[in-house]
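Undergrad:
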Amino acid sequence: MNEIIEACIKLEEKYKDVPFDKALPHLQKGWWEIAEKHGTTGDQVLKQYLDWRSQQEKK
1 MNEIIEACIK LEEKYKDVPF DKALPHLQKG WWEIAEKHGT TGDQVLKQYL DWRSQQEKK
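When you number the sequence shown by full-length UniProt numbering, it's gap-free, plus one each residue, and the end is 59.
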């Protein structure tokens, strides 16, 4: 598991009890903050995280 995935897991945990429509703006901001730290974009962070989660569900 890499740093981006670990950061996304922490971000998801932070908002797990918040309704999705309320959490989404915060999640988007968080994904972009993670991206800036790693020299990529927020959409790439989300894609990488969702791909990782998909692989975890298949196990």
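Cβ coordinates follow ideal geometry from the N, Cα and C atoms, glycine included.
Determine the direct distance from the alpha carbon of residue 17 to that of residue 64, and round the result to whole angstroms.
TA: Because residue 64 is not part of the residues shown, which for the chain are 1 to 59, the question remains open.
Undergrad: In angstroms, rounded to a whole number, what distance separates the CA positions of residue 21 and residue 13?
TA: Going by the C-alpha atoms only, they are around 16 Å apart.
Undergrad: Hey, how far is the Cα of residue 57 from the Cα of residue 48?
TA: Answer to the nearest angstrom: the Cα atoms are 14 Å apart.
Undergrad: For a test of the three-state rule: what should DSSP assign to residue 16, helix, strand or coil?
TA: In the structure shown, residue 16 sits in coil (DSSP, three-state: anything other than H, G, I, E or B).
Undergrad: Give me the residue from 11, 54, 55 with the minimum Cα distance to residue 27.
TA: With distances taken between Cα atoms, residue 27 lies closest to 11.
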